[in-house]
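Asker: Take this structure, written in structure tokens, and hold onto it; I'll ask about it next.
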Amino acid sequence: MKVLEAEFVKGFIRMCDDGFNQNWHERNGGNLSYRVKAEEIESIKEELSEASPWQPIGTGVPGLAGEYFLVTGSGKYFRNVILDPAANICIVQVDASGKNYRICWGLINGGRPTSELPSHLMNHEVKKQVSGGKHRVIYHAHPANIIALTFVLPLEDKVFTRELWEMATECPVVFPDGVGVVGWMVPGGRDIAVATSAMMKKYDVAVWAHHGCFCSGEDFDLTFGLMHTVEKSAEILVKVLSVRPDKLQTISPRNFRDLAADFKVTLPEEFLFEK
Ligand code: 13P
Ligand code: ZN
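The structure is reproduced here in structure tokens:
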């Protein structure tokens, strides 16, 4: 089968377009990666090349040795992925040491995978382990309301989690583990990858102060839906803070406990503090 005929590639392209249409991907902002299943790689083998040289990832991901990833290209625009996928995305393979990658398909006009490859791969390595192999999608976007909140809320996991949970009843059900916050760091390198992947041991969402957000999930729908839910909640919070910073009423710790019991989710007590 041709790469562009594979369902996982079509799903990836659709997600890029959906993200662009949400206004989360100005210019080349944001990046997406998918850990490809063995049978999916087998189905497109005819188009994969082993000719490109191995190049350093910039960090070590031994837990991903030999795995293949579909990723967006560095400097490429989400806007253009649907128009010319082979020029804007690529399939890379990680080598046996977990220190190098090579391009096996895509980026036909040149280029390299996203500059956030260290963060994507370190997050994948953590999530593969803690989810027992279920999580396959790592998504980085620049949603305006999440970013806006990083200027007005303390950069603390418990503050972001509780404030976002309070903005929509579905939130604690969609991200019951909460949200992690990474203080401002230089993007694109190993240090921010180490900090973010440490958050991913505990959470499916990591906010990057004054920059954007990372989400992890099992498939494209769940991961996009997670980003969408967090950003919608952030949008409501921005509106509430703009109209009346002291909320007149909200969802209480007792309400959250009742919700958790009925929806059969576990909400960590650390986020159910009395204010
Ligand atoms: P890339 O174009 O290298 O993917 O970078 C975009 C971005 O959002 C960096 O954080
Ligand atoms: Zn970014």
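Numbering (this note's numbering), first residue to last: -5 to 269.
For glycine and all other residues, C-beta sits at the position ideal for the given N, C-alpha and C.
Note that the structure is a prediction, hence the values are computed from the model and not measured.
Among VAL88, ASN103, LEU115, which has the Cα closest to the Cα of ARG96?
Answerer: The candidate whose alpha carbon is nearest that of ARG96 is VAL88.
Asker: Distance, Cα to Cα, GLU229 vs MET193?
Answerer: Each residue's alpha carbon lies about 23 Å from the other.
Asker: Kindly examine the ligand NAP and report whether one of its heavy atoms sits closer than 8 Å to the Cβ of ASN25.
Answerer: With respect to the ligand NAP, the structure offers nothing, as its ligand set consists of the ligand 13P and the ligand ZN.
Asker: To which residues does DSSP link TYR95 through a beta bridge?
Answerer: TYR95 is bridged to GLN49, VAL88.
Asker: State buried or exposed for THR155, treating a residue as buried only when at least 16 other CB atoms are found within 10 Å of its CB.
Answerer: So THR155 ends up on the buried side.
Asker: For GLU225, collect the residues of the same chain with a Cβ closer than 7 Å to its Cβ; drop the 5 residues on either side in sequence, then sort them by chain order.
Answerer: If we look at GLU225 and ignore the five residues flanking it on each side, its Cβ neighbours are PRO137, ASN139, ILE140.
Asker: Suppose contacts are defined by Cβ-Cβ distances below 9 Å. Is PHE72 in contact with VAL86 by that definition?
Answerer: Going by C-beta atoms, PHE72 is not nearer than 9 Å to VAL86.
Asker: Beta-carbon within less than 7 Å of ALA36's beta-carbon, same chain only, minus the 5 sequence neighbours each way: which residues are those?
Answerer: Checking the sequence shown, residue 36 turns out to be Glu, not Ala. Cβ neighbours of GLU36 beyond the five flanking positions: none.
Asker: Considering only C-alpha positions, which residue in the set ALA0, ILE186, MET161 is nearest to LYS233?
Answerer: Taking only the C-alpha atoms, the option nearest LYS233 is MET161.
Asker: Can you check DSSP and say which residues form a bridge with ILE83?
Answerer: Bridge partners of ILE83: THR66.
Asker: With a threshold of 16 other CB atoms inside 10 Å of the CB of ASP198, please say whether the residue is buried or exposed.
Answerer: Buried is the call here.
Asker: Return the chain-ordered list of same chain residues with a C-beta closer than 8 Å to the C-beta of GLN123, the five sequence neighbours on each side being excluded.
Answerer: These residues qualify, in order along the chain: GLY57.
Asker: Examine the ligand 13P and report whether any of its heavy atoms sits within less than 8 Å of the Cβ of LYS233.
Answerer: Outside the cutoff, so no.
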